[in-house]
Amino acid sequence: MPLLSSQTHPASPLRKNPIRSLLSITWASKATICFLAVSVSIFLFLLQGSWDMGISFTKAEVEKPRQDRPPLKGTSGIGVSIEEDEDRPLILYAYHETQNAHRNAQFFITHGLHAHADFIFILNGEANPKFVKSIPQADNIQIIQRDNTCFDLGSYAEVLTRNNSKLVKKYNRFILMNASLRGPFLPTWSRECWSDAILSKVTDTNKLVGLTYNCRPVRHVQSMMFATDRTGLTLLLDKIGTCFSNFRAAVKVETECTAHILESGYNVTALMTSFSTKKDYATTCTHDDVLHPDTYFKTTIHPYDIMFQKANRKLAPEVLVQLTKWHDDAGYSSWAACSRAYKIKKALRIMKKNGYDLDFDL
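In terms of the UniProt record's numbering, the sequence shown opens at residue 1 and continues consecutively.
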């Protein structure tokens, strides 16, 4: 059969050139393959560092004061970018020497410290020298010893406002916690860094995050842990920025912090699951303090619900003892968990920089 000439069938401007179409399909296929290759590579990259996927730590290794870990550069982390440096949180840990606080702090040192936040241990009053020595020496870990005055909230404010509020100006994300808590406790299937999980709830509209919420006599986020950003902290300092002379005054301000945040036009939240059941929970709940046995909707709140446990309230003590032993025996380490979370964030930044704007809500 003779080939048809272009004179017999003149080219139509509406007819697609089959060669161009084939080239377009080829290039589209190549782009898709490249995208899949990049995605798979990043996925495999993200799998590294999981604490239960072939990476184990002995207790001795977990408690090493970081000689085997990369040195931090100042307080800006391990060679991080400006964007990451601005995101780096400051975690204040208020400690006053008691047997319970000592056990909680040792657990936190073993399981809660990591390379991707800066930590300040505020030692209120005399502390056991052995305990002080057990705090790792690292560029991102600092110890401040002070008189046992002003209670925990006042001690946070006193440290934060030193040197013309240098720390408030330097950091944008904060966690304020005390040694009445034991944790973090995360299930084996969790891949989150504990501090990221809490701070992720701080948003443009939500300026105060806690573990639990008490609705009587005044609704408030309970103060054994506060997470916030610079905006929220500035509001908190309006209330806690004084040296409280007695326990009653400190407790009164604890309840006023939540009201001040709400009255300033922002929201508050808590990790406990019940808080997420109603949008207006913060202003309508009616339950009592959940940090007592059988007071959390006729149950005792579990550490896996709020990631920590108020260890001085005898809340299911057998559960606390067992979880403590399991996490100690497993060698769980936030050095590993938070390193993996850091890699995820870094990979997402790289993907975004290269045009892959994927939102994993992380």
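From the three backbone atoms N, C-alpha and C, an ideal C-beta is built for every residue, glycine too.
Given a cut-off of 8 Å on the beta-carbon distance, is the pair I175 and S195 in contact? yes
Per the contact definition of three or more C-beta pairs closer than 8 Å, is the region 230 to 242 in contact with the region 271 to 280? no
For T286, which residues of its own chain have a beta-carbon under 6 Å away from its beta-carbon, when the five flanking residues on both sides are left out? C215
Given Y356, which residues of its chain have a CB within under 6 Å of its CB, disregarding the five upstream and five downstream residues? none
Per DSSP, residue 366 forms a beta bridge with which residues? Residue 366 lies beyond the range of the chain shown here (1 to 362); nothing can be said about it.
Under 8 Å by Cβ, that's how I've got S155 and A94 pegged, so tell me the actual separation to the nearest angstrom. 5 Å
Measuring only from the beta carbon, is R216 closer than 7 Å to any heavy atom that is part of the ligand PLP? Here there are no bound small molecules, and the ligand PLP is not part of this structure.
Top-ranked residue by Cα proximity to L90, from I120, A101, S339, R340: I120
Looking at the structure shown, is N104 part of a helix, part of a strand, or coil, going by DSSP? N104 falls in the helix class under three-state DSSP.
Can you tell me where the beta strand (DSSP E) with N163 in it begins and where it stops? Taken as a continuous stretch (DSSP letters only), N163 belongs to no beta strand (DSSP E), being part of the alpha helix (DSSP H) at 162 to 170.
How big is the Cα-Cα spacing for L233 and I306? 22 Å
Of the residues Q145, A157, K170, D294, which one's Cα is nearest the Cα of C243? A157
I141 - DSSP class collapsed to helix/strand/coil: strand
Let me confirm a value: G125 is counted as buried when at least 16 other C-beta atoms fall within 10 Å, else exposed. Which label applies? exposed
Under 8 Å, do L123 and Q106 count as touching if we go by C-beta distance? no
Since M177 is in the beta strand (DSSP E), which residue starts that stretch and which ends it? 173 to 178
Using CA coordinates, which residue listed in A250, M224, R103, H96 is at the minimum distance from L320? Ranking A250, M224, R103, H96 by Cα distance to L320 puts R103 first.
Taking contact to mean 3 or more Cβ pairs, one atom from each stretch, closer than 8 Å, check whether the region 314 to 328 and the region 170 to 187 are in contact. yes
Could you work out which residue in S200, A311, T299 is closest to A341 when comparing CA atoms only? S200
Could you tell me the distance, in whole angstroms, from the CA atom of Q222 to the CA atom of E256? 11 Å
Quick one: give me the first and last residue of the beta strand (DSSP E) that residue 436 is part of. The question about residue 436 has no answer, for the chain in this structure spans 1 to 362.
Quick check on the DSSP output: the alpha helix (DSSP H) that includes A341 runs from which residue to which? 334 to 353
Taking C-beta to C-beta, are L113 and S264 nearer than 8 Å? no
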